[in-house]
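To start, the structure under review is shown below, and the notes come after it.
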Amino acid sequence: MLNKQHTLFVCTTCAGVWQNGKRVGESKGEQLLKQLQQIAQNWELRNKFLIQGVECMSACSRSCVIAFVAEDKLTYLFGDLSVDSSASAVLQCASQYYTNPDGSLPWSERPEPLKKGILASIPPLSKWTKLHLHSC
Ligand code: FES
22 MLNKQHTLFV CTTCAGVWQN GKRVGESKGE QLLKQLQQIA QNWELRNKFL IQGVECMSAC
82 SRSCVIAFVA EDKLTYLFGD LSVDSSASAV LQCASQYYTN PDGSLPWSER PEPLKKGILA
142 SIPPLSKWTK LHLHSC
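Under our numbering, the residues of the sequence shown are numbered 22 to 157, in order.
Written as structure tokens, this is what we have:
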């Protein structure tokens, strides 16, 4: 389980500034991604947990937005993350996600900036595939 690919997606288009149909300057999402990449240099999971910038995850009104994804685990989407105070908490939560076999992140165990702002908790596809195979 622990050898499977784990990925932290970070929306780089969150809280961007637009002028005349073009994005200008650095978005809050890009700032958050940079902070995460910087502090992850000293993170024990830096070689096991990919940090990947992506464009819009369709939760634009809840910026900044990140997601934890891994095979056979729950997928989580979080929003309302502050650039200034959430990067360490995101990596702490990523470590919990990595350690828990099903990726579960109970409210009581999540760091403060991720206690609120949860937008989705999606079950792993493999769970339902196994159930359907058994019911045939
Ligand atoms: S711009 Fe970040 S979720 Fe849409």
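For each residue, glycine too, the CB sits at the ideal point set by N, CA and C.
Close beta carbons around residue i, own chain, < 8 Å, minus the five adjacent residues each side
{"i": "Met22", "result": "Residue placement at Met22 is poorly supported in this model, since its pLDDT is 49, which falls under 50; the coordinates still yield a value, given next. The answer, listed in chain order, is Asp93 and Pro122."}
{"i": "Ser106", "result": "Pro134"}
{"i": "Ala80", "result": "Cys32, Val86, Leu98, Gly100 and Leu140"}
{"i": "Arg83", "result": "Gly100, Asp101, Gly138 and Leu140"}
Contacts around residue i, its chain only, beta-carbon distance under 7 Å, and the 5 residues preceding and following it disregarded
{"i": "Gln52", "result": "Val104"}
{"i": "Trp64", "result": "Leu112"}
{"i": "Arg131", "result": "Cys114"}
{"i": "Leu126", "result": "Tyr97, Cys114, Gln117 and Tyr118"}
{"i": "Pro145", "result": "Asp93, Lys94 and Leu95"}
C-beta contact flag for residue i and residue j at 8 Å
{"i": "Glu133", "j": "Ala110", "result": "yes"}
{"i": "Gln73", "j": "Thr34", "result": "no"}
{"i": "Phe89", "j": "Gly124", "result": "yes"}
{"i": "Ile60", "j": "Leu95", "result": "no"}
{"i": "Lys49", "j": "Ala91", "result": "no"}
Endpoints, the beta strand (DSSP E) within which residue i is located
{"i": "Thr120", "result": "Segment Ala108 to Thr120 is the alpha helix (DSSP H) holding Thr120; no beta strand (DSSP E) there."}
{"i": "Gly74", "result": "Phe70 to Val75"}
{"i": "Leu102", "result": "Counting along the chain, Leu102 falls outside any beta strand (DSSP E), and DSSP gives it neither H nor E."}
Where the alpha helix (DSSP H) through residue i begins and ends
{"i": "Leu140", "result": "It is not in any alpha helix (DSSP H) - Leu140 instead sits in the beta strand (DSSP E) that spans Ile139 to Ile143."}
{"i": "Leu53", "result": "Lys49 to Ile60"}
Those residues which DSSP pairs with residue i across a bridge
{"i": "Ala36", "result": "None; Ala36 has no bridge partner."}
{"i": "Lys43", "result": "Gln40"}
{"i": "Ala91", "result": "His27"}
Any non-hydrogen atom of the ligand MN closer than 7 Å to residue i Cβ
{"i": "Thr34", "result": "The ligand MN is not part of the structure shown, which contains the ligand FES as its ligands."}
Cut-off 6 Å between Cβ atoms - residues of its own chain near residue i, not counting five sequence neighbours on either side
{"i": "Phe30", "result": "Gln73, Val75 and Ala88"}
{"i": "Gly37", "result": "Arg44 and Ser48"}
Original post:
So which residues put a beta carbon under 5 Å from any heavy atom of the ligand FES, going in chain order?
Top reply: For the ligand FES, residues qualifying as neighbours are Cys32, Thr34, Cys35, Cys77, Met78, Ala80, Cys81 and Val86, where qualification means a beta carbon closer than 5 Å to at least one of its heavy atoms (chain order).
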